[in-house]
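*Asks:* Going letter by letter, the sequence shown gives residues -19 to -1, 1 to 212 in mature numbering (1 follows the signal peptide of the UniProt record, and there is no 0). Here a beta-carbon is modelled for each residue, glycine too, at the ideal position from N, C-alpha and C. Predicted, not measured: the structure shown is a model, and the values here were computed from it.
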Amino acid sequence: MLQITLLTLCGTLFQLGHSADTWCPDSSMSIAFEQAAMDAHNDFRSLVARGLVQNGMYVGVNAPMAANMQSMNYDCNAEYAAYEHVKTCDKKPSPPEERPDSFNFLENMHILETNETSLNDSFIAQTAISTWANELKDTGIPLDMVFTREVSQNKMITNVTKMIWAKLWTIGCATQKCDRFYFTSCMYFYRANKLGKNIYNIGATCNECRGMVECKALKGLCPFTPFDPDE
C-alpha cells in the first residue's frame, strides 16, 4: 500500500511557509498562475465527467460521463520540477530522471510563439491547458475510455488523457518567457497514461467516489482522496 502524507488547505497542497504571493515557497509563479492552472484542469475534468465535451472520434457524440473523476490539488514539488524544465527554454520534454519521481510524474508541455513580452501569466496557463484539452474534441478517444497501445501512440491525444486521468492526485505548472516564445510545463502525479487501464470509469457522476466523502455533485468530481491508484 502506498503511503503519503499531505498538507491540504482550501483544496490545495501547500508547503509550510508559503507567502501571500505564491502557494509555494521560493516560487517564481504567482498565485494567479497557480490558481488558473489548477482551476482550468478541474473545470475541464468537471465538463468531461458530466458528459459535456465532444468526442472528436465520433460525429455528434460526447465523451461518456465519468463515475470516478477526482478533483485535483496543487503540488509545489511538481511546480518546482516544471519550473526547472521551462527555464531551460529547450522546447523538449523533460528527461524523466529529472522529475521528482521518474516513474510516477508525467508532463505536458506547450510552446506559445509570440514577440509579446508581457503576456498575463494566467492567460499563458489557460492557453496551454486549452490546447491540450482541445485534443478531445479535435481527435477523440475510443468510447470505452481504455488507454490502449493505439491510443498511447497517437501524440495528438496523449496530453488530454493525462488531464482527464481519473485517478490523478495533483498537478504543478510553470511558465517561462524565452526568446520569442513562452514555454509552459505541467507535471502530473500519480501515474497517468497506463497501458490497458481506464482513463476513467464510465458511469453516473460521483457513483464511484472512494470512502465516506461528499461528492461535488454539481461539478461531477469526487473530492481529493489520496489512495493507491493501483488498487
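Does the beta-carbon of Val42 have 16 or more other beta-carbons within 10 angstroms, so that it is buried, or is it exposed?
*Replies:* With fewer than 16 other Cβ atoms within 10 Å, it is exposed.
*Asks:* For Gln51, does the three-state DSSP call read helix, strand or coil?
*Replies:* Note: Gln51 maps to strand in three-state DSSP.
*Asks:* Give me, in chain order, the residues of the same chain whose beta-carbon lies closer than 8 Å to that of Val127; leave out the 5 immediate sequence neighbours on both sides.
*Replies:* Within the same chain, Val127 has close Cβ partners Gly177, Lys178, Asn179, Ile180.
*Asks:* Count the other CB atoms, across all protein chains shown, that sit within 10 Å of the CB of Asn96; report buried if there are 16 or more and exposed otherwise.
*Replies:* Counting Cβ neighbours within 10 Å, Asn96 comes out exposed, since fewer than 16 surround it.
*Asks:* Compute the Euclidean distance between the alpha carbons of Phe86 and Pro77, then round it to the nearest angstrom.
*Replies:* Cα to Cα, the separation comes out at about 8 Å.
*Asks:* Using the rule of at least 16 other Cβ atoms within 10 Å of the residue's Cβ for burial, across every protein chain shown, is Val67 buried or exposed?
*Replies:* Result: buried.
*Asks:* Helix, strand or coil for Glu88, going by three-state DSSP, please let me know.
*Replies:* Strand.
*Asks:* Just grab the DSSP bridge partners of Glu65 for me.
*Replies:* Looking at the DSSP assignment, Glu65 forms no beta bridge with any residue, so it has no partner.
*Asks:* Scan the region 74 to 143 and note each continuous beta strand (DSSP E) run of 3 residues or more that stays entirely inside, going in chain order.
*Replies:* Runs found: 86 to 94.
*Asks:* Report the option in Leu28, Leu100, Ala13 whose CA atom is closest to the CA atom of Val141.
*Replies:* It is Leu28 whose Cα lies nearest to the Cα of Val141.
*Asks:* In angstroms, rounded to a whole number, what distance separates the CA positions of Leu202 and Thr186?
*Replies:* Cα-Cα distance, rounded: 7 Å.
*Asks:* Going by the CB atoms, is the gap between Met168 and Ala17 shorter than 9 Å?
*Replies:* No, the pair does not count as a contact, with Cβ atoms beyond the cut-off.
*Asks:* Taking only three categories from DSSP, how would you classify Leu(-13)?
*Replies:* Here the model assigns Leu(-13) a pLDDT of 35, short of 50, so the residue's position is not dependable, and the following value carries that caveat. Looking at Leu(-13) - three-state DSSP - the assignment turns out to be coil, as it is neither helix nor strand.
*Asks:* How far does the alpha helix (DSSP H) with Ile152 in it reach, from first residue to last?
*Replies:* No alpha helix (DSSP H) holds Ile152; the beta strand (DSSP E) holding it covers 151 to 159.
*Asks:* Sort out for me which residues DSSP pairs Leu202 with in a bridge.
*Replies:* BP columns for Leu202 point to Lys197.
*Asks:* Taking C-alpha atoms, which residue in Asn182, Lys148, Gln134, Asn89 lies nearest to residue 216?
*Replies:* Because residue 216 is not part of the residues shown, which for the chain are -19 to 212, the question remains open.
*Asks:* Since Asn135 contacts Thr151 with CB under 8 Å, what's their CB separation in whole angstroms?
*Replies:* The Cβ separation is near 26 Å, so there is no contact.
*Asks:* Can you tell me whether Gly153 is buried or exposed? The criterion is at least 16 other CB atoms within 10 Å of its CB, across all chains shown.
*Replies:* Buried, because 16 or more other Cβ atoms sit within 10 Å of the Cβ of Gly153.
*Asks:* Would you mind stating whether Met38 and Pro123 have Cβ atoms separated by less than 9 Å?
*Replies:* Yes, they are a contact pair.
*Asks:* Go ahead and label Leu33 buried or exposed: buried means 16 or more other beta carbons lie within 10 angstroms of its beta carbon, across all protein chains shown.
*Replies:* Exposed, since its Cβ has fewer than 16 Cβ neighbours within 10 Å.
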